[in-house]
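Numbering of the sequence shown is given in the numbering used here, commencing with residue 4 and proceeding in unit increments.
Every residue, glycine too, gets a C-beta built ideally from N, C-alpha and C.
One structure below.
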Amino acid sequence: MVQQSVKKLAKAVLPRQVVSRISHHRARQREQSPPRFDAPQNSAAEILGCCIAYTPSGGFCVPLSSRHRPAARRILEGSVYEPETIAFLAANCGSGDIVHAGTYFGDFLPALSRACDPQAKIWAFEPNPESFRCASITCAINSLRNVHLKNSGLGAGEDKAVMQVKDLDGRALGGGSQLLWQTPNLPESLTAEVHIAALDDVIPSNRPVSVIQLDVEGFEQQALSGALETIARCRPILILETVPEETWLSPNILSLGYRIDREIHGNRVLLPPS
């Protein structure tokens, strides 16, 4: 009511030209001001905080919660994380598929997708829910049609597990998130329940696999245990962040003729018999 009275008084007192200019000015302000939105109904946990960053390799959906992590920092700087590892994978994938476990937000995916044979696929695994959502967006940004991304970790069989996704100070671990061996004595706010799959159950037996790359924060032995049929069938190159103990490695992997060849960015390369 007060606003209407003021408007009537202004029209009565001010010259018509002045009133017209004021109305025109207010209309332009409304056009130029950003639109207003109602507050989202989602809870804070459901809202994905991320930013899109571009490098010579492609576009990436980087989770803001773990922008302090090494891989995220490199991408946000417009650079590449582990370029030697990516180059080795690209040079040795041949005509077969690539298994890439520990995908994080997909920082390897655009380069690997381009390096693959036209008929080959990338089997990518990421159990961390936030990282998986970001990796899915990275795939969409780059139109990666040969990537099969699964929201799972790798293990000896299908299972559920608890993953620590934040440190004790509440900071996101991002690519450093770890599957926990035992029931964790941690607040639920620092963990997430995740799905575990066996690689042999995911990859069809008619798919050729050239390389298996595991960056699974110490869970390599469990991941390899669920991939022994694929390894015996395809004899892929193995790239492991953590090499299992000799007591397991020797009867399960080295007995097939594998040998430890070199180290690339902290990852050990195991070559099959030539």
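Quiz prompt | Of the residues Gly109, Pro121, Glu133, Ser116, the one placed nearest Glu196, counting alpha carbons only | solution = Glu133
Exercise. Can you give me the Cβ contacts of Cys119 inside the same chain, cut-off strictly under 7 Å, excluding the 5 residues immediately before and after it?
Key: Cys96, Ile101, Ile125, Asn149
Quiz item: Which ranges does the alpha helix (DSSP H) cover as unbroken runs of at least 4 residues, wholly within the region 84 to 157, from first to last along the chain?
Solution: 86 to 95, 112 to 118, 132 to 144
Exercise. Indicate the three-state DSSP secondary structure (helix, strand or coil) for Glu266 in the structure shown.
Key: strand
Practice problem: Could you work out which residue in Phe222, Leu217, Arg236 is closest to Pro211 when comparing CA atoms only? | Solution: Arg236
Quiz item: Does the separation of the CB atoms of Thr245 and Glu223 fall below 8 Å?
Solution: yes
Quiz item: Are Pro275 and Tyr261 closer than 8 Å when you measure CB to CB?
Solution: yes
Exercise. Please state whether DSSP places Glu220 in a helix, a strand or coil.
Key: coil
Practice problem: Have a look at Lys169 and Leu79 and give me their C-alpha separation to the nearest angstrom. | Solution: 21 Å
Quiz item: For Ile50, does the three-state DSSP call read helix, strand or coil?
Solution: coil
Quiz item: Under a three-way DSSP split, which group does Ser82 fall into?
Solution: coil
Exercise. Would you list the residues sitting across from Thr58 in a DSSP beta bridge?
Key: Gly61
Quiz item: What residue does the beta strand (DSSP E) around Val197 start on, and which one ends it?
Solution: 194 to 200
Quiz item: Name the DSSP beta bridge partners of Arg271, please?
Solution: Leu243, Glu266
Quiz item: Residues bridged to Asp162 by DSSP?
Solution: Ile199
Exercise. Mind checking who Gln181 pairs with in its DSSP beta bridge?
Key: Gln167
Practice problem: Locate the alpha helix (DSSP H) running through Ile234, then write down its first and last residues. | Solution: 231 to 237
Quiz prompt | For Pro207 and Gly109, the rounded distance between their alpha carbons | solution = 23 Å
Quiz prompt | Cβ contact (3+ pairs, closer than 8 Å) linking the region 56 to 64 and the region 140 to 156 | solution = yes
Quiz item: Counting along the chain, where does the alpha helix (DSSP H) carrying Glu191 start and finish?
Solution: Premise fails: Glu191 is in no alpha helix (DSSP H) and is neither H nor E.
Quiz item: From Arg77 to Gly156, what distance separates their C-alpha atoms?
Solution: 24 Å
Self-check item: Rounded C-alpha distance that separates Ala127 from Leu152
Solution: 5 Å
Quiz item: Which whole-angstrom value describes the C-beta separation of Cys54 and Ile140, a residue pair presumed to lie in contact below a C-beta threshold of 8 Å?
Solution: Wrong, their Cβ atoms sit about 11 Å apart, outside the cutoff.
Quiz item: What does a CB cutoff of less than 6 Å around Ala175 pick up in its chain, not counting 5 residues either side in sequence?
Solution: Ser68, Ser69, Lys169
Practice problem: Decide if Ser277 is buried, meaning its Cβ has at least 16 other Cβ atoms within 10 Å, or exposed. | Solution: exposed
Practice problem: Look at the alpha carbon of Gly173 and the alpha carbon of Thr194, and state the distance between them as a whole number of angstroms. | Solution: 10 Å
Practice problem: Can you tell me the Cβ-Cβ gap for Asn255 and Leu273, rounded? I've got them flagged as a contact below 8 Å. | Solution: The pair is not a contact, with the Cβ atoms about 12 Å apart (cut-off 8 Å).
Quiz prompt | Outcome for Gln122 when other beta-carbon atoms lying within 10 angstroms are tallied against a minimum of 16 | solution = exposed
Self-check item: DSSP state of Ser213 mapped onto helix, strand, coil
Solution: strand
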